[in-house]
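Per this note's numbering, the sequence shown runs over residues 32 to 328. Beta carbons: idealized from backbone N, C-alpha and C, even for Gly. Down below is the structure, laid out as structure tokens.
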Amino acid sequence: MAKIAVIGAGKWGSALFDAFSFQNECVITSRTKKDIPNFVGLEEALKCEYLVFSLSSQITKSWLEKNFVYNNQKILVASKGINAKSGEFLHEIFAKFVGEDSLATLSGPSFSSEVLKKLPCAVVVSSKNDNLAKEFCSFFPYYIKAYLSDDVIGAEVCGAYKNVIAIASGACDGLNLGNNARASLISRGLVEIARFGKFFGAKDETFLGLSGAGDLFLTASSNLSRNYRVGFGLAQGKKIDEILEELGEVAEGILTSKAILKLANLHNIYTPIAREVALTIDGKDPKKSLIDLLRHK
């Protein structure tokens with residue numbers, strides 16, 4: 032049995048803790064102490080050989096700088112997003128603390144509420160170290176099918192960008208634009224994700240697999256998605272602060288849209304949907320964003 036520590040006890044971290052506990056010795060920790068089985072302090076958690084990070088992508092960098100001590104741990108990054116301040120991908124942030132051979136990324140369509148119910152799903156573990164990816168794949172219980180990939184940047188781009196498209200999709204439904212419009216938006220969103228990801232070296236097959244199309248179709252078409260609900264709220268005329276208060280949770284797509292826009296402007300990448308999402312979050316009328324999107328090629 033492997034000894035695994037989950038860092039971050041939000042809904043996704045708790046779901047992963049439950050899944051990994053099925054056939055492994057697993058503990059969980061977070062900034063705030065929680066009255067749950069096998070909750071431990073951070074010092075004890077960091078002694079585990081395998082660490083699964085489920086922190087908000089926006090706080091990951093500062094958390095590592097303040098708290099992380101590397102002791103040959105093997106790391107699975109289960110967070111999804113791009114740092115809005117620095118424009119860094121998560122693997123770039125972790126690379127300052129651990130070697131590439133000790134790092135893997137988790138992606139794929141997997142709502143935490145369904146994972147907790149032990150409903151079947153499939154995920155992807157991506158790493159430049161094939162043996163490490165196989166190790167992490169072996170830790171999943173029978174109801175989670177884990178696949179291998181070496182396309183770390185592809186998995187990260189897809190996992191981050193799909194949250195932005197989900198906001199747009201929620202807005203589409205909030206404006207009652209119909210099924211045709213939503214399907215068109217999601218499919219063009221996949222094209223936009225691929226254009227952005229390929230600039231950074233991602234592989235074509237990743238966009239059509241579980242990390243890409245699979246996670247995008249799930250997140251952009253269900254009100255179980257926090258990011259979808261953000262878009263739906265924006266279309267109803269709600270302010271972003273009001274929506275976040277109602278959610279009571281982090282919606283990664285909000286700041287990720289700004290990070291993508293920053294990188295797109297820097298590298299001259301065409302990202303019209305991400306641009307309109309970022310502008311809508313900042314107060315632009317979603318109906319005006321729709322008109323502007325229809326004018327784009």
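Contact between residue 199 and residue 220 holds: CB atoms are separated by about 7 Å, below the 8 Å threshold.
When the five nearest sequence neighbours on each side are left out, the beta carbons in the same chain lying within less than 7 Å of the beta carbon of residue 323 are those of 307, in order along the chain. Here the alpha carbon of residue 39 sits roughly 37 Å from the alpha carbon of residue 208. In the DSSP assignment, the residues bridged to residue 180 are 157. Residue 248 carries a helical assignment under DSSP once its states are collapsed to helix, strand and coil. Cβ-Cβ separation between residue 81 and residue 65: approximately 21 Å, too far for a contact (criterion under 8 Å).
Note on residue 309: 16 or more other CB atoms within 10 angstroms of its CB, so buried under the neighbour-count rule. With three or more CB-CB distances shorter than 8 Å, the stretch 88–97 counts as touching the stretch 105–121. Between residue 265 and residue 205, the CB-CB gap stays under 8 Å. Looking only at 312, 168, 102, 271, the smallest Cα-Cα distance to residue 55 is reached by 168. For residue 252 and residue 197, the gap between their C-alpha atoms comes out near 7 Å. Between residue 60 and residue 72, the CB-CB gap stays under 8 Å. Assignment of residue 238 by DSSP, reduced to helix, strand and coil, places it in the helix class.
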